[in-house]
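K.L.:
Going line by line, the protein sequences match chains A and B. With our numbering, the residue at position 254 of the first sequence is 254, and numbering never jumps. With our numbering, the residue at position 34 of the second sequence is 1034, and numbering never jumps. Could you have a look at this structure, given as structure tokens, before my questions?
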Amino acid sequence: MSMDRRRFLKIAGVSTVLGLGGASVMNGLSRRGLEASQATVTPDPKGLTAKRWGFAIDVNKLGSPADYQKCIDACHNIHNVPSIENPKHEVKWIWNETYEHSFPGTEHEYMNHEFKEKNFLLLCNHCAQPACVRVCPTQATFKRKDGVVMQDMHRCIGCRFCMAACPFGARSFNYRDPRGKDANGKPFIKVENKTFPTRMIGVVEKCTMCYERLAIGQQPACAEASNGAIVFGDLEDPNSEVRKIINSKYTIRRKPELGTQPSIYYVIGGSEHA
Amino acid sequence: MYNGGKIIAGMLVFLAFFTFPFYYNLGKANARPEPKLNTPVIQQLAEKKCVESRDFMRAEHMQLLNDWRDSVVRDNNRIYKNREGKEFSISLQNTCMNCHSNKKEFCDKCHNYMAVKPYCFSCHIEPKENKS
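Shown next as structure tokens:
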């Protein structure tokens, strides 16, 4: 049988299309057979939801170093944060710092002495425009719909771009194996919380706004341990407690001039001073 | 053939070396790994069933775990409803390893046999091995 060029191309074209289509149909069928096609995933109904989570931290209610330490310990114990003494290697999710380091540029020589000497509780600001998220090459850190700046430890490649980008020093790199021991043979994680993972050497970690607690309807650990000094809530909800505090009292945020829109408000004066 | 003796001798030596692993392991059947399921928690279960069928878990557990991981960390979806409509809390450390509290006898058995090294437990805390 002789065949002209035109007829050959027609047949070749049609059979290619049929072949490709057939392959994809077969693929689809075999995948469907294997996959748990009817299985679904849903959020926990107990979980707390918001448009934009935020904190109001009343600096006057956090008087003594013991008050800070309670919040820091609550967070670090729950999340298996290693306590490494060498400041170059230390890992911190929540920590305290002096006024001039917390709010640089706003200090002055005639400042209230008590204020100048005071320590402020600092943690990830969960910015509305987070610089760390913009620079992350693997989208290991990302902004959730409810405002939490999440850190996906599975994806982190440890490039530390986010640490360079974050203006608040909220991120720590695991220079040491967090499950390791210090020079005296003491483990960095004193008591492991068996229900939460640790991290591994070479990833960046930070406060995750207790996403694992929010998901099952609990407040963040620091807010719970703070005796009311740290109020947690939805910044977009005008009736939330956190908004009422921010509306009625004088609050400041860290480095607002950088435009990252931090979600943590420090209540400076009580309503009696405002 | 020039140097025929040397070439043939060389080829024989090469063949002997090349096929050495096959001769060496001849007759030594490599025992098939049998992961153990007899943890106290599993023994107390009324219906001894994982989140999906045994065949599905055998073939697809790695994909399921990957999906679970992304589901929780990235989408905050923590409840898994399987094909039978049963619900599970998605958590390697708290759900999977609660039943399979024998990592050495369960996970490691096959993974060592297959020489795969998943890095789940470089971060997730493995259960205290149950000696019973």
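Glycine included, each C-beta is placed from N, C-alpha and C at the ideal position.
State the Cα-Cα distance for the pair A/Leu235 and A/Pro130, rounded to the nearest angstrom.
P.N.:
16 Å
K.L.:
Indicate whether at least one CB of chain B lies closer than 8 Å to the CB of A/Val41.
P.N.:
Look at A/Val41: its C-beta is under 8 Å from a C-beta on chain B.
K.L.:
Taking CB distances under 8 Å as the criterion, tell me whether B/Cys1099 reaches chain A.
P.N.:
no
K.L.:
Which term fits B/Phe1017, buried or exposed, when burial requires 16 or more other beta carbons within 10 angstroms of its beta carbon?
P.N.:
That one is exposed.
K.L.:
Please report whether the beta-carbon of A/His154 lies at a distance below 8 Å from any beta-carbon of chain B.
P.N.:
yes
K.L.:
Considering only the beta carbon of each residue, do A/Tyr265 and A/Ala56 sit closer than 8 Å?
P.N.:
Result yes, Cβ atoms of A/Tyr265 and A/Ala56 sit closer than 8 Å.
K.L.:
When you compare only the Cα positions, how much space is there between A/Arg7 and A/Gly21?
P.N.:
C-alpha separation (whole angstroms): 21 Å.
K.L.:
Along chain B, which residues have their Cβ under 9 Å away from the Cβ of A/Ala215?
P.N.:
Val1072, Asn1076, Arg1078
K.L.:
Restricting to runs no shorter than 4 residues, where is the alpha helix (DSSP H) found entirely within the segment 47 to 104 of chain A?
P.N.:
65 to 78, 99 to 102
K.L.:
To the nearest angstrom, report how far apart A/Ile245 and A/Ala223 are at their CA atoms.
P.N.:
15 Å
K.L.:
Can you tell me whether DSSP reads A/Asn119 as helix, strand or coil?
P.N.:
strand
K.L.:
Does any C-beta atom of chain B lie closer than 8 Å to the C-beta of A/Met200?
P.N.:
Answer yes: the Cβ-Cβ gap between A/Met200 and chain B drops below 8 Å somewhere.
K.L.:
Do A/Lys194 and A/Pro187 have their CB atoms nearer than 8 Å?
P.N.:
Remark: C-beta atoms of A/Lys194 and A/Pro187 do not approach each other more closely than 8 Å.
K.L.:
Between B/Asn1112, B/Pro1127, B/Asn1077, B/Asp1108, which has its C-alpha nearest B/Cys1096's C-alpha?
P.N.:
B/Pro1127
K.L.:
Can you look up A/Gly135 in the DSSP assignment and give me helix, strand or coil?
P.N.:
The sequence shown places Val at residue 135 of chain A, rather than the Gly named in the question. Reduced to three states, the DSSP call for A/Val135 is helix.
K.L.:
In whole angstroms, what separates the C-alpha of B/Gly1010 from that of B/Asn1003?
P.N.:
Near 11 Å, if we compare the C-alpha coordinates of B/Asn1003 and B/Gly1010.
K.L.:
Could you check whether the segment 86 to 96 of chain A touches the segment 116 to 127 of chain A, counting it as contact only if at least three pairs of C-beta atoms, one from each stretch, sit closer than 8 Å?
P.N.:
yes
K.L.:
Could you list the residues in the segment 182 to 195 of chain A with a C-beta less than 9 Å from some C-beta on chain B, going in chain order?
P.N.:
Glu192, Asn193, Lys194, Thr195
K.L.:
Find the nearest neighbour of A/Thr251 within the set A/Gln38, A/Ser263, A/Gly259, judged by alpha-carbon distance.
P.N.:
Of the candidates A/Gln38, A/Ser263, A/Gly259, the one whose C-alpha sits nearest the C-alpha of A/Thr251 is A/Ser263.
K.L.:
What does B/Cys1123 touch in chain A if you count any residue whose Cβ is under 8 Å from its own?
P.N.:
Met153, Pro197, Thr198, Arg199, Met200
K.L.:
In angstroms with no decimal places, state the Cα-to-Cα distance between B/Arg1074 and A/Met3.
P.N.:
57 Å
K.L.:
Can a CB atom of chain B be found closer than 8 Å to the CB of A/Asp44?
P.N.:
At least one beta carbon of chain B lies nearer than 8 Å to the beta carbon of A/Asp44.
K.L.:
Under a three-way DSSP split, which group does B/Phe1020 fall into?
P.N.:
DSSP places B/Phe1020 in helix when its eight states are reduced to three.
K.L.:
Going by alpha carbons, who is nearest to A/Thr40 out of B/Gly1005, B/Arg1054, B/Arg1083?
P.N.:
Relative to the Cα of A/Thr40, the nearest Cα in the group B/Gly1005, B/Arg1054, B/Arg1083 belongs to B/Arg1083.
K.L.:
Could you tell me whether the Cβ of A/Arg144 comes closer than 8 Å to any Cβ of chain B?
P.N.:
It does: the Cβ of A/Arg144 has a partner Cβ on chain B nearer than 8 Å.
K.L.:
With a threshold of 8 Å on Cβ separation, who are the neighbours of A/Leu34 within its own chain once the five nearest residues in sequence on each side are excluded?
P.N.:
The predicted model places A/Leu34 with a pLDDT of 48, which falls under 50 and marks its position as unreliable; any figure quoted below should be read in that light. Excluding sequence neighbours, A/Leu34 sits near nothing in its chain.
K.L.:
Using a Cβ cut-off of 7 Å, pull out every chain B residue sitting near A/Gln38, in sequence order please.
P.N.:
At a beta-carbon threshold of 7 Å, the residues of chain B lying near A/Gln38 are Arg1083, ordered along the chain.
K.L.:
What three-state label does DSSP hand B/Phe1014 in the structure shown?
P.N.:
Helix, per DSSP.
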